Amino acid sequence: MLNSQTFPGEPAPLAEDGIAGPNTIQRIERFQAVVLGFETPDGRVDPGAATLQALQPGTGGDAGEEPASLTPSDEAVDLLKSIEGLRLEPYDDQTGDPVDEWVPGATVGYGHLIGRDEWDRYRDGVSEQQAESLLESDLAPFVQAVQTQVRRRLKQHEFDALVILVFNIGTGAFAASSVLKMLNDPSAETAYDSLEAAWKAWNKSQGRVMEGLVKRREAEWKIFSAGVYERW
Numbered sequence: 116m117l118n119s120q121t122f123p124g125e126p127a128p129l130a131e132d133g134i135a136g137p138n139t140i141q142r143i144e145r146f147q148a149v150v151l152g153f154e155t156p157d158g159r160v161d162p163g164a165a166t167l168q169a170l171q172p173g174t175g176g177d178a179g180e181e182p183a184s185l186t187p188s189d190e191a192v193d194l195l196k197s198i199e200g201l202r203l204e205p206y207d208d209q210t211g212d213p214v215d216e217w218v219p220g221a222t223v224g225y226g227h228l229i230g231r232d233e234w235d236r237y238r239d240g241v242s243e244q245q246a247e248s249l250l251e252s253d254l255a256p257f258v259q260a261v262q263t264q265v266r267r268r269l270k271q272h273e274f275d276a277l278v279i280l281v282f283n284i285g286t287g288a289f290a291a292s293s294v295l296k297m298l299n300d301p302s303a304e305t306a307y308d309s310l311e312a313a314w315k316a317w318n319k320s321q322g323r324v325m326e327g328l329v330k331r332r333e334a335e336w337k338i339f340s341a342g343v344y345e346r347w
């Protein structure tokens, strides 16, 4: 599979002999370093891991794109819209009740939290177009976090899943996470034996496992690993 491919630094294919010899291992490591951006190539092609996903024709047959060149797909944005729901009039995020004066949980559009200094602008509500613009601006720092902090190539669905994850856990948590460490260096030492386990560990609020977060992480992982976009 890899021996027949060419990429920067490996302009000629290797003969396919069915043997995982030193030349094949070296080629895997070169692919991991040059194409996937691994800091510490390990020469492994494990089931479900990034190297195999990048090589399998059934999952796209390519190693993806540089994160900086990607933006959220329509599928990802539509999924977030369906989860957040659209409210054109301000409401209290804690109760769902309409509000006519600013409260700490004042929200409008697709889950946009209204700052006290924004209240005069949004007190009378927003149009659907304004709600779209607010969502785009709200997503921007989370998109940027994935674009700038992930140092390996990503497929569109992988990028989407990461943005949806970071939108929920926050940029600071993502920067310090085992998810990011394992993405950038699969051989990094963490408390988890797989990227999936590290991802799904983000299932707690105030130290308690929350069913909603368990379902969200499952849905995000389906997007990342299989490109399946489903509500949770």
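Numbering of the sequence shown is given in our numbering, commencing with residue 116 and proceeding in unit increments.
A virtual CB, placed ideally from N, CA and C, is assigned to each residue, including glycine.
Here the structure is a predicted model, which is why all the values come from computation and not from measurement.
With a CB to CB cut of under 6 Å and the five nearest residues on each side skipped, what residues in its chain are close to residue i?
{"i": "P156", "result": "E144, Q147 and A148"}
{"i": "L328", "result": "N318"}
{"i": "E335", "result": "A276, I279 and L280"}
{"i": "K330", "result": "W347"}
{"i": "G287", "result": "none"}
{"i": "A183", "result": "Q262"}
{"i": "L228", "result": "T222"}
{"i": "G176", "result": "Residue confidence for G176 is low, a pLDDT of 49 falling below 50, so the modelled location carries little weight; the figure read from the coordinates is stated next. Nothing listed; no residue qualifies."}
Leaving out five residues before and five after residue i in sequence, what residues of the same chain have Cβ atoms less than 7 Å from its Cβ?
{"i": "G342", "result": "H272"}
{"i": "R332", "result": "W314, K315, W317 and N318"}
{"i": "K296", "result": "A303 and T305"}
{"i": "S320", "result": "L328"}
{"i": "Y256", "result": "One point to set straight first is that residue 256 is Pro, not Tyr, in the sequence displayed. The residues are T286."}
{"i": "K337", "result": "V343 and E345"}
{"i": "R238", "result": "P205"}
Once you ignore the five residues that flank residue i on each side, which residues in its own chain have a CB closer than 8 Å to its CB?
{"i": "Y206", "result": "D212, P213, V214, A221, T222 and V223"}
{"i": "G173", "result": "Reliability fails at G173, whose pLDDT of 43 lies under 50, so the model's placement of it is uncertain and the value that follows must be treated cautiously. Contacts found: none."}
{"i": "I198", "result": "R346 and W347"}
{"i": "Q244", "result": "none"}
{"i": "V258", "result": "T186, P187 and V278"}
{"i": "Q209", "result": "G220"}
{"i": "D232", "result": "none"}
Could you name the residues that DSSP lists as bridge partners for residue i?
{"i": "R231", "result": "Paired residue(s): none; R231 is not in a bridge."}
{"i": "S320", "result": "R323"}
{"i": "D207", "result": "A221"}
{"i": "P213", "result": "Y206"}
{"i": "E180", "result": "L269"}
Pop quiz: residue i and residue j are said to be a contact at Cβ under 8 Å. What is the actual Cβ separation, rounded to whole angstroms?
{"i": "L298", "j": "L310", "result": "7 Å"}
{"i": "Y344", "j": "E190", "result": "5 Å"}
{"i": "L167", "j": "F274", "result": "Not really, about 18 Å apart at Cβ, beyond 8 Å."}
{"i": "G158", "j": "I134", "result": "Between I134 and G158 the Cβ distance is about 14 Å, and since that is not below 8 Å, they are no contact."}
For residue i, which option in the options has the closest C-alpha, if you only look at C-alpha atoms?
{"i": "P219", "options": "G226, Y225 and G230", "result": "G230"}
{"i": "L195", "options": "E216, W217, L277 and A290", "result": "L277"}
{"i": "L203", "options": "Q209, L167, D189 and L249", "result": "L249"}
{"i": "K270", "options": "D253, P187 and P137", "result": "P187"}
{"i": "F289", "options": "R268, S302, V261 and A306", "result": "V261"}
{"i": "S242", "options": "L201, D308, A312 and D193", "result": "L201"}
{"i": "G226", "options": "V324, R268 and F282", "result": "F282"}
{"i": "R267", "options": "D232, S320, E180 and V160", "result": "E180"}
{"i": "A312", "options": "S320, G285, D232 and S340", "result": "S340"}
{"i": "E247", "options": "V324, D193, D239 and I140", "result": "D193"}
{"i": "E216", "options": "V258, D235 and Q209", "result": "D235"}
{"i": "L254", "options": "S292, I284, I338 and V265", "result": "I284"}
{"i": "V294", "options": "V265, D161, E251 and I140", "result": "V265"}
If I follow the unbroken alpha helix (DSSP H) through residue i, where does it start and stop?
{"i": "W274", "result": "The question names Trp, yet the displayed sequence has Phe at residue 274. Here the alpha helix (DSSP H) through F274 covers Q271 to I284."}
{"i": "E251", "result": "E243 to Q264"}
{"i": "A135", "result": "Looking at the DSSP string, A135 is not in any alpha helix (DSSP H), and its letter there is neither H nor E."}
{"i": "L194", "result": "D189 to E199"}
{"i": "W314", "result": "L310 to K315"}
{"i": "W295", "result": "Checking the sequence shown, residue 295 turns out to be Leu, not Trp. Unbroken alpha helix (DSSP H) run through L295: S293 to N299."}
Let me see if you follow: with CB-CB separation under 8 Å, is residue i close to chain D or not?
{"i": "A306", "result": "Within the model displayed, chain D is absent; a lone protein chain is all it includes."}
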